[in-house]
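What follows is a short report on a single structure.
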Amino acid sequence: MRERQASHNARRAREFEAFVAGAAGRLLHAATLLTGEAPDDNPRARRLLTLALAHTYACWDRMRGEDPYDHARQYLATRFARGAWHQYGGGPGRGRPHPRSPLAVLTPQERLIVVLRLYEGVAEEQAAALLGLPTERVHTICDRATATLLHPRRGQTPAVASAKVAPS
Amino acid sequence: MNRTEREATVRRLMEQVPPPVPPELYGEVLRRGARMLRRRTVARRLLWLALFAAAVAFTVWALTARPWVEPPSQTTPPLTGW
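So the protein lines, in turn, are chains A and B.
Going by numbering that gives the first Met the number 0, the letters in the first sequence line up with residues 0 to 167, in that order.
Going by numbering that gives the first Met the number 0, the letters in the second sequence line up with residues 0 to 81, in that order.
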């Protein structure tokens with residue numbers, strides 16, 4: 000019994016290590032884009048990734064057929080959404096994105112949706128369900144964020160103005 | 000520029016600089032994940048223990064108080080025909 004448990008643990012450790020080796024790079028890139036940090040100085044992204052992978056490790060045995068990468072990505076996204084709401088939503092402060100990040104001109108929510116939709120290729124409906132938003136809203140935010148990224152001068156002003164009119 | 004081109008441009012913008020994965024990440028992940036698992040095990044055990052204790056307490060109370068036995072009558076029947 001004990002022997003079987005030990006071999007089971009060893010196999011799990013092997014599988015998990017292989018998963019981390021394959022997925023960590025891409026997930027860390029996604030997390031760094033989310034937090035808007037510079038690629039070589041990303042403590043928040045590392046922390047997010049560590050939490051997501053640890054959660055995946057803890058759920059490893061109960062994942063019957065579910066994709067662990069999907070699980071980690073979901074946890075990363077929801078965790079970032081919650082953190083952005085609590086700590087970084089209140090205007091410029093310590094959460095201000097680093098200027099060297101490619102998504103520095105976007106708000107945390109826009110970054111989240113752009114990373115999920117365009118970098119990770121998650122379908123609009125899935126992203127909407129994950130974040131608890133209507134699908135049309137995800138579509139609109141994604142469009143607006145794309146426009147802001149491609150034309151920063153023209154895109155930034157209406158985004159700020161609309162945020163002032165409707166703070167909710 | 001249509002929608003597909005715009006999205007492709009943004010994708011290229013994001014793909015530029017992949018950050019290096021720190022080597023100590025895996026150890027930290029394992030440490031935290033194992034701690035999470037341990038805590039879950041402890042919580043599950045505590046929950047079962049509480050359930051067991053409640054069941055034992057209920058049994059002991061039921062056996063001593065015997066709530067199914069009809070309580071003795073508190074009023075005496077009126078005395079008539081004396």
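Even for Gly, the Cβ is constructed at its ideal location relative to N, Cα and C.
Neighbour flag for residue i against chain A, beta carbons, 9 Å
i	result
B/P21	yes
B/V9	yes
B/Q73	no
B/R39	yes
B/R2	yes
Span separating the alpha-carbon of residue i from that of residue j
i	j	result
B/P76	B/P66	24 Å
A/A17	A/Y68	12 Å
A/G88	A/A30	Its pLDDT being 47, under 50, A/G88 is placed unreliably by the model, and nothing is read from it.
B/V68	B/L78	27 Å
B/A3	A/W59	Checking the sequence shown, residue 3 of chain B turns out to be Thr, not Ala. One C-alpha to the other measures close to 37 Å.
A/L148	A/Q4	52 Å
B/V28	B/A56	42 Å
B/E6	A/A126	16 Å
B/L36	B/N1	49 Å
A/G37	A/R61	Reading the sequence as shown, one finds Ala at residue 37 of chain A and not Gly. For A/A37 and A/R61, the distance between alpha carbons rounds to 35 Å.
Where residue i sits in the DSSP three-state scheme
i	result
A/D39	coil
A/V137	helix
A/D142	helix
B/N1	coil
A/R45	helix
A/D242	Outside the shown range of chain A, which is 0 to 167, sits residue 242 of chain A, and nothing can be said about it.
A/T31	helix
Proximity test, residue i beta-carbon vs the ligand GDP heavy atom, cut-off 8 Å
i	result
A/L50	By its list of ligands, the structure shown contains no ligand whatsoever, and the ligand GDP lies outside what it can speak to.
Residue-chain proximity (residue i, chain B), Cβ-Cβ < 9 Å
i	result
A/L111	no
A/D69	no
A/V114	yes
A/E123	no
Please give me, in chain order, every unbroken run of the alpha helix (DSSP H) with length at least 4 that falls completely inside the stretch 10-70 of chain B.
List check, alpha helix (DSSP H) in window: 24-64.
Would the stretch 30-48 of chain B and the stretch 123-137 of chain A be scored as touching if the rule is three or more Cβ pairs under 8 Å?
Too few Cβ pairs lie closer than 8 Å, so no.
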